[in-house]
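Undergrad: According to full-length UniProt numbering, the sequence shown is numbered sequentially starting from 1.
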Amino acid sequence: MTHPYEEEKEMKKLKKHYDMIGYICDAQYGIPTRCPCGGEIKTDVSPNPKYRHDFDTLPGSRYFTYKKYEDEVRRLRMEVNDMAEEIAKLKRLITSTSRPRDC
1 MTHPYEEEKE MKKLKKHYDM IGYICDAQYG IPTRCPCGGE IKTDVSPNPK
51 YRHDFDTLPG SRYFTYKKYE DEVRRLRMEV NDMAEEIAKL KRLITSTSRP
101 RDC
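1) To the nearest angstrom, report how far apart L90 and R77 are at their CA atoms.
2) Please classify K42: does DSSP put it in a helix, a strand, or coil?
3) If I follow the unbroken alpha helix (DSSP H) through K91, where does it start and stop?
4) Going by DSSP in three states, H3 sits in which element: helix, strand or coil?
5) State the Cα-Cα distance for the pair D82 and R75, rounded to the nearest angstrom.
6) Out of curiosity, what's the CA-to-CA distance linking L93 and A84?
7) Have a look at K16 and E8 and give me their C-alpha separation to the nearest angstrom.
8) Could you check the C-alpha separation between T97 and V80 for me, to the nearest Å?
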């Protein structure tokens with residue numbers, strides 16, 4: 001007989017594994033209707049076939065994107081540029097204040 005703690009630990013591990021399998025299945029067969037942030041999602045089909053033999057029946061893979069992803073990308077790029085400027089400023093400050101010490 002196993003210890004209850006070990007049994008519960010194993011049960012949680014199995015539940016996590018089965019949940020992960022369920023999430024993969026949901027991702028393959030269902031496309032969400034809303035983004036986690038509450039925004040709309042755009043569904044589309046890629047023009048390229050997924051496999052070579054799919055040219056007649058399946059035009060391509062289904063995928064979804066956030067409708068406002070361009071705005072989100074633009075916002076993230078601005079944040080990255082601001083951080084890069086701040087890092088460059090700090091590097092200049094460090095090099096200007098550090099002097100070689102004479103021992």
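Beta carbons are placed, not taken as given, at the ideal position from N, Cα and C, and that holds for glycine. Treat the numbers as computed from the prediction; the structure is a model and nothing was measured.
TA: Reading off the structure:
1) 20 Å
2) strand
3) Its alpha helix (DSSP H) spans residues Y69 to T97.
4) Secondary structure of H3 (DSSP, three-state): coil.
5) If I take the Cα positions, the gap works out to 11 Å.
6) 14 Å
7) 12 Å
8) 26 Å
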